[in-house]
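Residue numbers (the UniProt record's numbering): 1 to 182.
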């Protein structure tokens, strides 16, 4: 829903009626899905949640003892509070360094990356680790994002992220990341 609303803000003035109808349909489906989730008492997908909430916000959503796989977090402390392994790590990375298996800061997972001259195309989808059938369906409905090769892309490492790019030499702090305090 956030991605669709963001697309509306970036809709060019010369967009056709088809573009507007498609965005309206996507937003309507997202609202219907969110309504059904709320009625069923389910938590909204992480892609619909705030990009960088306070660290204690995650404690209510994670069972006791939940943590990231060993070695899935950096220890340098430059980009996030690493004292809680189940708290996402937010960072920025140049688009040319994106890899399949990384997660964007809005909760999307990258399924493919294509580099073409000065552009990078990343196909992303909304992962559903709680529902494998829905996850497989979502993988078939990817969204293509286009970046300049040197453009900084907001990224995150969640507990289910396959590749943690926060340790890369050219990783930079995310503008919404909480400042690190010792």
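Don't be surprised by glycine CBs; every beta carbon is placed ideally from N, CA and C.
Check                                                                                                                                                                 : Outcome
Among the residues of its own chain, which have a CB less than 7 angstroms from the CB of residue 117, if the five just before and after it don't count?              : none
When the distance is taken between beta carbons, is residue 103 closer than 8 angstroms to residue 155?                                                               : yes
Here's the rule: buried if 16 or more other CB atoms are within 10 angstroms of the residue's CB, otherwise exposed. What is residue 124?                             : buried
At the level of alpha carbons, what is the spacing between residue 27 and residue 21?                                                                                 : 10 angstroms
Report the residue ranges of all beta strand (DSSP E) runs contained in full by the stretch 102-147; include only those spanning at least 3 residues, in chain order. : 109-116, 119-125
For residue 87, report the span of its beta strand (DSSP E) as first-last.                                                                                            : That residue, residue 87, is in no beta strand (DSSP E); it is neither H nor E in DSSP.
In this structure, how does DSSP classify residue 152 when only helix, strand and coil are distinguished?                                                             : strand
Quick check: residue 163 and residue 107, are their CB atoms within less than 8 angstroms of each other?                                                              : no
Out of 88, 29, 144, which has the shortest C-alpha to C-alpha gap to residue 176?                                                                                     : 88
Give the secondary structure of residue 159 by DSSP, where H, G and I count as helix, E and B as strand, and everything else as coil.                                 : coil
Could you tell me if residue 166 is buried or exposed, where buried requires 16 or more neighbouring beta carbons within 10 angstroms of its beta carbon?             : buried
When you compare the CB positions of residue 132 and residue 160, do they come within less than 8 angstroms of one another, or not?                                   : no
Going by the DSSP bridge assignment, what does residue 175 pair with across the sheet?                                                                                : DSSP output for residue 175 lists no bridge partner at all.
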